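For the sequence shown, the working numbering gives the first residue as 389, with consecutive numbering after it. I have placed the structure first, in the form of structure tokens, so that the comments after it can refer back to it.
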Amino acid sequence: MATKKKSPTKKKAAPPAAIAIEVSLAASYPTLGEAQQRAFLGQASTAKCAELGARTKAEGVYREAQKWAPVIHAALQQHPVALRRYGRARFAWFLLCLRELGEGVAAQKGRQSKATSARSALERALDEGKAVRALLAEALELLAAGDPKAEAAYGAAFGSAETLESLRDSLAALAELADAQLRASDASTRALVESVDLTPDDVRLAREAHAALGAARSTRFVEGTASGQDEPATNRAEGRMLFEMRLAMGVFESAHRRTALVPRLVPGPATRATLAPSRTERAAPSEPAPSEA
């Protein structure tokens, strides 16, 4: 009985990348002209946006604004009269600000990841360089013992390892000194070299550590920061988003007071301290603000 050949297993196609809500919703709203964008931009100065953004974390603001977007979209479809003060163009601007913030957050995370990787590589190169230096120095110190001239040469080569540059200089000098000892032809030096097991590999390791430090040094000033703090440009986009969230929240709150069918836009943990209205602002226009007894 002939055996059936197994059909080759087909690889499953990778799922398509999710489309950000601000991108998918933007198709339902008008494209803003330059005059409209300038008008909306002018309502919040760059300084004000930077000040607002400094109070929060961009990634958290982005996530919360994304959650608001479908709520606003649905409410505009269902309650156009109650929300007539929040026009379609204004929401298109909200989505544009959200997209800019999302792109800023993604770019910032990429730079921070590179900065973290560069810092880790530098720390690793420093640790390895110091370890190689200590091993090579131990052998060379033993070789120089009892010979004032050799001890002076060793001391000069040993130098310091307090900074990256001084460590590199020390590794280079120790490697040269060890190489010279290995190339010595007199029987006495060769006997001493053999007694401390100094080999060409010791020299190679020192030079490799020197090179690794040089490579790590060239990447330590990577654009971005590994501290997790938002960058100035991201802060400005973040502040502009917060301004738009505050504006939308105010309009929706007023509409909600007139008809409970309109949902409220409620700040989450990332924006509550910045967007939550004060006790005076929470009072309805017909209610007196509570006294501070």
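Using N, Cα and C, we set each Cβ at its ideal position, and we do this for glycine too. Here the structure is a predicted model, which is why all the values come from computation and not from measurement.
Check: For A636, the first and last residue of its enclosing alpha helix (DSSP H); Outcome: P620 to R646
Check: Residue range of the alpha helix (DSSP H) that includes L420; Outcome: Run containing L420: none; DSSP gives neither H nor E here.
Check: Same chain, Cβ closer than 8 Å to L471, neighbours up to 5 away in sequence not counted; Outcome: A463, L464, V639, F640, A643 and V650
Check: Neighbourhood of F428 by C-beta, 7 Å cutoff - its chain only, sequence neighbours within 5 removed; Outcome: W481
Check: For A568, three-class secondary structure by DSSP; Outcome: helix
Check: Distance CB(L524)-CB(A594) smaller than 7 Å; Outcome: yes
Check: Which of helix, strand or coil DSSP assigns to E550; Outcome: coil
Check: When S583, A579 and H598 are compared against S554, the one with the closest alpha-carbon; Outcome: H598
Check: For A503, the three-state DSSP class (helix, strand or coil); Outcome: helix
Check: Residues of its chain near M633, where Cβ-Cβ distance is below 7 Å and the 5 sequence neighbours each way are ignored; Outcome: A453, W456, T659 and L663
Check: Expected contact under 8 Å - CB spacing of L413 and L483 to nearest Å; Outcome: 6 Å
Check: Selection from A661, S558, Q431 and L586 that minimises the alpha carbon distance to R478; Outcome: Q431
Check: DSSP three-state assignment for Q431, whether helix, strand or coil; Outcome: coil
Check: Cα-Cα separation between A661 and R628, rounded to whole angstroms; Outcome: 16 Å
Check: V591, buried or exposed, once every other Cβ within 10 Å from all chains shown has been counted against 16; Outcome: buried
Check: Given Y450 as reference, the closest of Q500, E491, H461 and P418 once Cα atoms are compared; Outcome: E491
Check: 7 Å CB neighbourhood of E447 in its chain, flanking five on each side removed; Outcome: V493
Check: Contacts around F631, its chain only, beta-carbon distance under 8 Å, and the 5 residues preceding and following it disregarded; Outcome: Q431, A432, K436, C437 and L440
Check: 7 Å CB neighbourhood of A549 in its chain, flanking five on each side removed; Outcome: K518, R521, L555 and S558
Check: 7 Å Cβ shell around T577 - same chain, five flanking residues per side excluded; Outcome: Q569
Check: Helix, strand or coil at A658 according to DSSP, with G and I counted as helix; Outcome: coil
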